[in-house]
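Quick notes on the structure that follows.
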Amino acid sequence: MCLAVPGKVMDVRDDRGTRMATVNFDGIEKEICLAYLPDIAVGEYVIVHVGFAISRLDEDSAMETLAMFRELGILEEELGVESSEAGAAS
Amino acid sequence: MKYLDEFNDPELAKKLFADIDRVTTKRWAIMEVCGGQTHAIIRNGIDQLLNDKIELIHGPGCPVCVTPLGGIDKALAIASLPDVIFCSFGDMIRVPGSNRDLFQVRSEGGDVRIVYSPLDAVKLAEENPDKEVVFFAIGFETTAPANAMSVHQAKQRGITNFSVLVSHVLVPPAIEAIVDAEDSRVDGFLAAGHVCSIMGTWQYGPLVDKHQVPIVVTGFEPLDVLEGIRRVVIQLEEGRAELENAYPRVVSEEGNVHAQTLVAEVFEVCDRMWRGIGEIPQSGWRLAPAYREFDAELRFDVGAIDSPESELCRSGEVLQGFIKPNECEAFGKECTPRKPLGATMVSSEGACAAYYQYRRLDGIEVEVSAGG
Ligand code: SF4
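Chains as they are written, first to last, in this note's numbering: chain A, 2 to 91; chain B, 2 to 373.
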């Protein structure tokens with residue numbers, strides 16, 4: 002849970018005053034809170050930690066980091082996804 | 002070189018190692034204070050590939066590892082109460098308290114749930130108005146904004162059946178405690194990139210000036226770690242002590258101001274016990290008075306809990322670089338990731354667990370029992 006995973010912002014919406022987004026992590030989609038990066042736009046890459054986008058990231062760096070997570074087989078674990086769920090999503 | 006082709010850019014890795022070799026003339030001890038970095042170092046064998054003048058010390062960089070046993074016992078006591086839904090990040094579930102873990106509480110009928118985001122716990126509280134939902138809010142500065150938002154949202158939405166058991170820790174006071182220790186061996190630090198993505202780098206300048214120790218903000222990927230080490234070694238060899246940012250693609254000087262603002266509203270600084278190290282003054286966050294109604298410790302009276310650590314465990318010495326994990330008598334014998342005795346074996350990001358996972362077959366002898 003120390004780590005933070007990069008993903009791509011797919012859509013942005015408001016949930017009773019909190020900015021939320023769907024973020025795609027190499028095929029796995031999660032609901033992510035954008036409260037701390039209010040000016041992020043759809044299509045941009047962010048670093049996500051425990052459900053919160055904490056920092057913007059360029060696409061190339063995001064891709065490299067995601068590839069590392071995949072290779073180590075820890076993407077699902079970091080996203081708190083059960084492996085069966087991850088299989089269905091990817 | 003057995004590990005070099007495991008770097009995602011072996012040529013760059015080779016160049017960084019060669020650069021480090023070229024500048025190193027003296028012995029230096031460098032501490033990383035990020036569990037992700039510890040993991041990358043051991044997994045990629047960075048400590049073994051470096052020339053033998055440079056020693057890496059794996060500091061207290063994993064929040065699961067430094068959460069005191071007493072805090073875990075408190076969590077277990079609250080999770081066992083009737084009508085409580087106890088929520089935690091996945092990696093806390095198997096961390097043993099004095100005599101069981103959250104997983105066992107669940108198998109004994111407790112309602113223990115793993116959440117990915119603290120906001121999931123708030124949602125559970127909304128969906129279960131007749132239950133008390135408690136969230137185990139642990140972590141460093143990286144996790145605090147998420148945890149702060151859960152409390153803030155509960156307050157805003159008038160959710161009264163939600164509370165948090167807070168055990169937050171802060172990196173700069175830990176660094177200060179380590180350099181201040183009389184017998185400290187640390188010459189320079191790699192600061193944790195993701196902590197700094199929230200807090201910025203501004204907190205570290207005064208530490209560098211006061212203690213004349215180089216601090217390089219570093220990412221957690223293997224090449225990032227190597228670059229951080231390279232910069233610390235260059236500073237040390239040149240007799241400089243400066244703050245450098247080797248992770249500018251994620252970290253800025255001011256950090257994430259929105260996150261800092263909410264954290265400052267919801268939390269206040271307090272003294273905190275660190276498992277394996279002891280109490281460090283002003284090294285944690287607890288709920289600020291305006292949010293104290295959400296404090297699970299005040300809401301649930303589980304009595305005074307004071308849990309002694311295992312006498313065999315030397316994780317404090319591991320965390321301060323006095324011994325390597327495999328020099329602990331219990332390593333791989335009484336103490337394994339399945340049956341951890343101490344702070345640094347409990348999470349995969351702890352130094353003892355990382356050694357166990359990657360070094361066990363590497364000439365370090367351990368007994369592997371059937372279960373673990
Ligand atoms: S191997 Fe186990 S007992 Fe020894 S220091 Fe590490 S955590 Fe403690």
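C-beta atoms are modelled at their ideal positions from N, C-alpha and C, and glycine is treated no differently.
Predicted model, so just to flag it, every value in this text is computed and none were measured.
Three-state secondary structure assigned by DSSP to residue i
i: Gln213 (chain B); result: coil
i: Arg20 (chain A); result: strand
i: Leu35 (chain A); result: coil
i: Phe104 (chain B); result: helix
i: Ile21 (chain B); result: helix
i: Asp272 (chain B); result: strand
i: Leu224 (chain B); result: helix
i: Thr202 (chain B); result: coil
i: Val96 (chain B); result: coil
i: Ser164 (chain B); result: strand
i: Asp15 (chain A); result: strand
i: Gly279 (chain B); result: strand
i: Phe70 (chain A); result: helix
i: Cys336 (chain B); result: strand
i: Ala30 (chain B); result: strand
i: Gly81 (chain A); result: coil
i: Ser316 (chain B); result: helix
i: Cys88 (chain B); result: strand
i: Glu266 (chain B); result: helix
i: Glu65 (chain A); result: helix
i: Leu70 (chain B); result: helix
i: Val41 (chain A); result: Sequence inspection shows Ile at residue 41 (chain A); the Val mentioned does not correspond to that position. Note: Ile41 (chain A) maps to coil in three-state DSSP.
i: Glu183 (chain B); result: coil
i: Ile58 (chain B); result: strand
Exposed unless 16 or more other CB atoms sit within 10 angstroms - verdict on residue i
i: Val10 (chain A); result: buried
i: Leu191 (chain B); result: buried
i: Thr39 (chain B); result: buried
i: Pro11 (chain B); result: exposed
i: Val258 (chain B); result: exposed
i: Thr66 (chain A); result: buried
i: Asp22 (chain B); result: exposed
i: Asn246 (chain B); result: buried
i: Gln374 (chain B); result: Lying before the first or after the last residue shown, residue 374 (chain B) is absent from chain B, which here runs from 2 to 373.
i: Ala122 (chain B); result: buried
i: Arg28 (chain B); result: exposed
i: Ser81 (chain B); result: buried
i: Ser89 (chain B); result: buried
i: Gly1 (chain B); result: Outside the modelled stretch of chain B, which goes from 2 to 373, sits residue 1 (chain B), for which no answer is possible.
i: Ala89 (chain A); result: In this predicted model, Ala89 (chain A) has a pLDDT of only 34, less than 50, meaning its place in the structure is not dependable enough to derive any value.
i: Thr143 (chain B); result: buried
i: Pro100 (chain B); result: A quick correction: the sequence has Asn, not Pro, at residue 100 (chain B). Exposed: under 16 other Cβ atoms inside 10 Å.
i: Arg339 (chain B); result: exposed
i: Asp92 (chain B); result: buried
i: Gly71 (chain B); result: buried
i: Gln236 (chain B); result: buried
i: Gly18 (chain A); result: exposed
i: Leu1 (chain B); result: With chain B running from 2 to 373 in the structure shown, residue 1 (chain B) is simply not present.
Cβ neighbours of residue i in the same chain (closer than 7 Å, five flanking residues each side left out)
i: Val13 (chain A); result: Arg20, Ala22, Leu35, Val43
i: Thr68 (chain B); result: Ile139, Ser168, Arg276
i: Arg287 (chain B); result: Val167, Phe268, Glu269, Cys271
i: Phe70 (chain A); result: Val6, Leu76, Glu79
i: Gly206 (chain B); result: Leu244
i: Val170 (chain B); result: Pro64, Val67, Phe141, Arg273, Trp275, Ser284, Gly285
i: Leu104 (chain B); result: Checking the sequence, you will find Phe at residue 104 (chain B) rather than Leu. Only Ile94, Arg95 meet the Cβ criterion.
i: Ala149 (chain B); result: Leu263, Val264, Val267, Phe268
i: Asp48 (chain B); result: Ile42, Leu57
i: Pro130 (chain B); result: Asn162
i: Gln321 (chain B); result: Ile179, Ala182
Counterpart residues of residue i in DSSP-defined beta bridges
i: Tyr105 (chain A); result: In the structure as shown, chain A begins at 2 and stops at 91. Residue 105 (chain A) is therefore absent and cannot be evaluated.
i: Phe295 (chain B); result: In DSSP, Phe295 (chain B) forms no bridge with anything.
i: Asn52 (chain B); result: According to DSSP, which records beta bridges pairwise, Asn52 (chain B) is partnered with nothing at all.
i: Thr219 (chain B); result: B:Ala193
i: His259 (chain B); result: Beta-bridge pairing links His259 (chain B) to no other residue.
i: Asn327 (chain B); result: Answer is none; Asn327 (chain B) lacks a bridge partner.
i: His169 (chain B); result: B:Gly140, B:Trp286
i: Phe8 (chain B); result: According to DSSP, which records beta bridges pairwise, Phe8 (chain B) is partnered with nothing at all.
i: Glu30 (chain A); result: A:Asn25
i: Leu77 (chain B); result: In the DSSP output, where bridge partners are listed per residue, Leu77 (chain B) has none listed.
Cutoff 6 Å; reference residue i; Cβ partners in own chain excluding five residues on either side
i: Leu17 (chain B); result: Leu227, Arg231
i: Ala147 (chain B); result: Pro119
i: Cys197 (chain B); result: Val218, Val252
i: Ala178 (chain B); result: Ile281
i: Ser316 (chain B); result: Gly277, Gly343, Ala344, Thr345
i: Ile216 (chain B); result: Phe190, Ala192, Tyr205, Val209, Leu244
i: Arg155 (chain B); result: In the sequence on display, residue 155 (chain B) carries Ala and not Arg. Counting only Cβ-Cβ distances below 6 Å, and skipping sequence neighbours, we find Val123, Phe163.
Near the ligand ZN: residue i beta-carbon under 7 Å from a heavy atom
i: Val319 (chain B); result: Ligands displayed in this structure: the ligand SF4; the ligand ZN is not among them.
Neighbourhood of residue i by C-beta distance below 8 Å, restricted to the same chain and skipping five residues each side
i: Val319 (chain B); result: His59, Gly277, Lys325, Pro326, Cys329, Thr345, Ala352, Cys353
### Message
So within the region 110-161 of chain B, which uninterrupted beta strand (DSSP E) runs reach at least 3 residues, ignoring any that extend past its ends?
### Response
112-115, 133-140
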